[in-house]
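Everything below concerns the one structure shown next.
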Amino acid sequence: MKKLLIFITLLATLNTVSCGKKNVDTESPAPYEPESVTDNSETTLNIATTIDLSQVKNEIIKKMGCDVNIKQYSSTDENDALELINLDMISGEVFDVVYSTSEDIHTLTKRNYFTDLSPLMEQSENLKKEDFLPNVFEGLKVDGKIPAICDGWILYTAVAKTENVGENMENWTPAQAIKAFNNMPEDMTFLCNEYMEYDRENYFIKRVAVDAVDYNNNTCDFGGAFMEMLGNINNFPPFSQYIWDNDALIKNHALVSEVYLFGINCAITQNLYSDFGCADITFVGYPSESGKGYITEVPLMLGIPENSQNKKQGFRFIDLVINDSLINKSMMYSMPITEKQLTAQLSESKYNSMSVHCPQYLPESNEQVQISEEALQKIVDYIRSVRFEPYTNNTVQNIVREEYHKCFAGESTPQECADILENRVSIYLSETE
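When the letters of the sequence shown are read in order and numbered with the numbering used here, they come out as residues 3 to 435.
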């Protein structure tokens, strides 16, 4: 699993290996300091979280300038972590920040627990509306308000050589993907598939499954493109199981490669440049009628409960998580949410040996390659263009996968699968309101 190993290596070695370039200014930026406020020594900031903040608690207290009470929640046999937080809130416990999964935050958002963060942004010196990437800011809105902010995200998409799929195939439709599938040369496989559990069904159905659920309105519709894909997919020959070959994409042994982007780092050079022999690429994505061939995943989000008496201090904590790499250690290992983070990742890449600008070896060659500025700009433009969707739900998608795999196995018809999903997902969505 080459790309997974690349990502693990990145996490372990980023910022520790020299690029080997001489006379490069690698001076570290000044440590981040939150905006100055009046003395908060008598304030206690209460944080409810489902992640372990114990290792950075002292740094948080130092930067916040006040006492910090962190209450960590873990799921039990009787209740999941969110319900434990909810029970404490119902019993009268007041938190100034909730830091948890996007699913938990979305559920609390629908219950109107959180305050709109927009006024706090206007008062902030460090984290204003204009600091966000525009597509990220728009995606964070719920009914015109900003109830929560994420601390990073992951971008899932798929890529092909432009010469193999033709122009204007970015975020292609199911019909375009099916046509490309049917027109492939006999010696080409469709998906360059190093992860053996991924198959044709997952690739073709992944985005239309997301589009079938409207999380803002708590509704679902598994007819249309979803059911049409269910009906068509078993007519395709099975993808040949493809063991990773370093030059599969370069030599046109495979058409499409799935890519998972965890920030602007070495994975971009490897997955979007070196693996294709520096050829021009197109972000074909996953087939969709919506024009959204990508999937955005948000692991964690932060919100401030409406009944908090320390909203300004709570927002300073959010500011700290977003902007301080000592607190948010994964900051450089996720897609940027602010212009400042984007600039920092691009700047880091110019001198760090695990970055996009550092030479990578082409497979079976001693030739060193460096990603071009034009190719890098194309990637940045794509990142800016995606419609950011922080509130997809992993539980719902697991239900969908379970049922459509039964359909592919012949245990249900497409219509039966769609009917079952309408029922199961509708019930789940109503239970989380």
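We treat Cβ as the ideally placed atom computed from N, Cα and C, and that holds for glycine.
**Message:** Classify P392: buried if its beta carbon has 16 or more other beta carbons within 10 angstroms, exposed otherwise.
**Reply:** Counted from its first residue, the sequence shown places residue 392 at position 390. Result: buried.
**Asked** Taking C-alpha atoms, which residue in I63, E230, T45 lies nearest to V323?
**Response** Counted from its first residue, the sequence shown places residue 323 at position 321. The residue with the shortest Cα to Cα distance from V323 is I63.
**Prompt:** Excluding the five sequence neighbours on either side, which residues of its own chain have a C-beta within less than 8 angstroms of the C-beta of K130, listed in chain order?
**Reply:** Working through the sequence shown from its first residue, we reach residue 130 at position 128. M123, E124.
**Asked** Got a sec? Which residues, its chain only, sit under 6 angstroms from K147 by beta carbon, not counting five neighbours each side?
**Response** Taking the sequence shown and counting its residues from 1, one reaches residue 147 at position 145. If we look at K147 and ignore the five residues flanking it on each side, its Cβ neighbours are D118.
**Request:** Could you have a look at I252 and say whether DSSP puts it in helix, strand or coil?
**Result:** As a first step, residue 252 is located in the sequence shown; it is residue number 250 there, counting from the start. In the structure shown, I252 sits in coil (DSSP, three-state: anything other than H, G, I, E or B).
**Request:** Use the C-beta contact count for A211: other C-beta atoms within 10 angstroms, 16 or more gives buried, fewer gives exposed.
**Result:** Here the question's residue 211 lines up with position 209 in the sequence shown. A211 should be labelled buried.
**Request:** Apply the 10 Å Cβ neighbour rule to K253 and answer buried if 16 or more other Cβ atoms are within range, or exposed otherwise.
**Result:** The residue given as residue 253 occupies position 251 in the sequence shown. Exposed.
**Asked** Could you give the distance in angstroms between the alpha-carbon of K112 and the alpha-carbon of T298?
**Response** For the purposes of this step, residue 112 is identified with residue 110 of the sequence shown, where counting begins at 1. For the purposes of this step, residue 298 is identified with residue 296 of the sequence shown, where counting begins at 1. Approximately 20 angstroms, taken between the alpha carbons.
**Asked** Mind pulling the beta strand (DSSP E) runs of 3 or more residues that sit fully within the segment 151 to 238?
**Response** 156 to 163, 191 to 193
**N134 in three-state terms, based on DSSP** = What you label residue 134 is simply residue 132 of the sequence shown in a count that begins at 1. First, the amino acid is wrong: residue 134 is Phe here, not Asn. The answer is strand: DSSP assigns F134 an E or B state.
**Request:** Kindly list the residues whose CB is nearer than 8 angstroms to the CB of D213, restricted to its own chain and excluding five residues on each side of it in sequence; keep chain order.
**Result:** For the purposes of this step, residue 213 is taken as residue 211 along the sequence shown, with counting starting at 1. Cβ within range, chain order: A227, F228, S290, E291, S292, K294.
**Request:** Between the Cα of F264 and those of D54, V388, L55, G154, spot the shortest distance and give me the residue it belongs to.
**Result:** Start at 1 with the first residue of the sequence shown, and residue 264 comes out as number 262. Closest by alpha carbon: G154.
**Cβ contact check for the segment 126 to 145 and the segment 383 to 400: 3 or more pairs under 8 angstroms** = yes
**Inter-stretch contact (C-beta, 8 angstroms, three-pair minimum) for the segment 301 to 310 and the segment 403 to 421** = no
**Request:** Note down the Cα distance separating K73 from T221, rounded to an integer number of angstroms.
**Result:** Here residue 73 refers to the residue found at position 71 of the sequence shown. Here residue 221 refers to the residue found at position 219 of the sequence shown. Near 34 angstroms, if we compare the C-alpha coordinates of T221 and K73.
**Prompt:** What's the gap between the Cα of I245 and the Cα of E375?
**Reply:** Position 243 of the sequence shown, counted from the start, is the residue given in the question as residue 245. Position 373 of the sequence shown, counted from the start, is the residue given in the question as residue 375. Because the pLDDT of I245 is 46, which lies under 50, any placement of that residue in the model is unreliable, and the question is left without a value.
**Prompt:** Which stretch, first to last residue, makes up the beta strand (DSSP E) that contains D145?
**Reply:** Translated into the one-based positions of the sequence shown, residue 145 becomes position 143. Run containing D145: none; DSSP gives neither H nor E here.
**Prompt:** By a C-beta neighbour count over all protein chains shown, 10 Å radius and 16 as the cutoff for buried, is L1 buried or exposed?
**Reply:** In the structure as shown, the chain begins at 3 and stops at 435. Residue 1 is therefore absent and cannot be evaluated.
**Rounded straight-line distance, which links the Cα of S428 to that of A420** = Locating residue 420 in the sequence shown gives position 418, where the first residue counts as 1. Locating residue 428 in the sequence shown gives position 426, where the first residue counts as 1. Whole-angstrom Cα-Cα distance: 12 angstroms.
**Prompt:** With 16 as the cutoff for other CB atoms within 10 Å, does K208 come out buried or exposed?
**Reply:** If you number the sequence shown from 1, residue 208 lands on position 206. When all chains shown are included, K208 counts as buried.
**P176 beta carbon less than 7 angstroms from that of M231** = Sequence index remark: in the sequence shown, residue 231 carries index 229 (1-based). Sequence index remark: in the sequence shown, residue 176 carries index 174 (1-based). The answer is yes: Cβ separation under 7 angstroms.
**Request:** Spell out whether any CB of chain D is found under 7 angstroms from the CB atom of M229.
**Result:** Given the protein chain composition of this structure (a single chain), no chain D is represented.
**Message:** Ignoring anything shorter than 3 residues, give me the beta strand (DSSP E) runs that lie fully in the segment 260 to 343, in order along the chain.
**Reply:** 297 to 299, 302 to 305
**Prompt:** Of the choices F410, Y384, L423, E433, whose alpha-carbon is the least far from that of L157?
**Reply:** Here residue 157 corresponds to residue number 155 of the sequence shown, with the count starting at 1. Comparing Cα positions, the closest option is Y384.
**Whether A162 touches V258 by CB criterion (7 angstroms)** = Translated into the one-based positions of the sequence shown, residue 162 becomes position 160. Translated into the one-based positions of the sequence shown, residue 258 becomes position 256. Going by C-beta atoms, A162 is nearer than 7 angstroms to V258.
**Asked** Where does A182 land, buried or exposed, given buried means 16+ other C-beta within 10 angstroms?
**Response** Position 180 of the sequence shown, counting from 1, holds the residue named residue 182. Buried, since its Cβ has 16 or more Cβ neighbours within 10 Å.
**Prompt:** For A50, which residues does DSSP report across the bridge?
**Reply:** Here residue 50 refers to the residue found at position 48 when the sequence shown is read from its first residue. Note: A50 sits in a beta bridge opposite K73, V100.
**Asked** So what's S30 in DSSP terms, helix, strand or just coil?
**Response** Looking up residue 30 in the sequence shown gives position 28. Residue confidence for S30 is low, a pLDDT of 44 falling below 50, so the modelled location carries little weight; the figure read from the coordinates is stated next. Residue state, collapsed to three classes: coil.
**Asked** Can the beta-carbon of M171 be found closer than 7 angstroms to that of T45?
**Response** Counting from one through the sequence shown, the residue named residue 171 turns up at place 169. Counting from one through the sequence shown, the residue named residue 45 turns up at place 43. It is not a contact, given that the beta carbons lie outside the stated cut-off.
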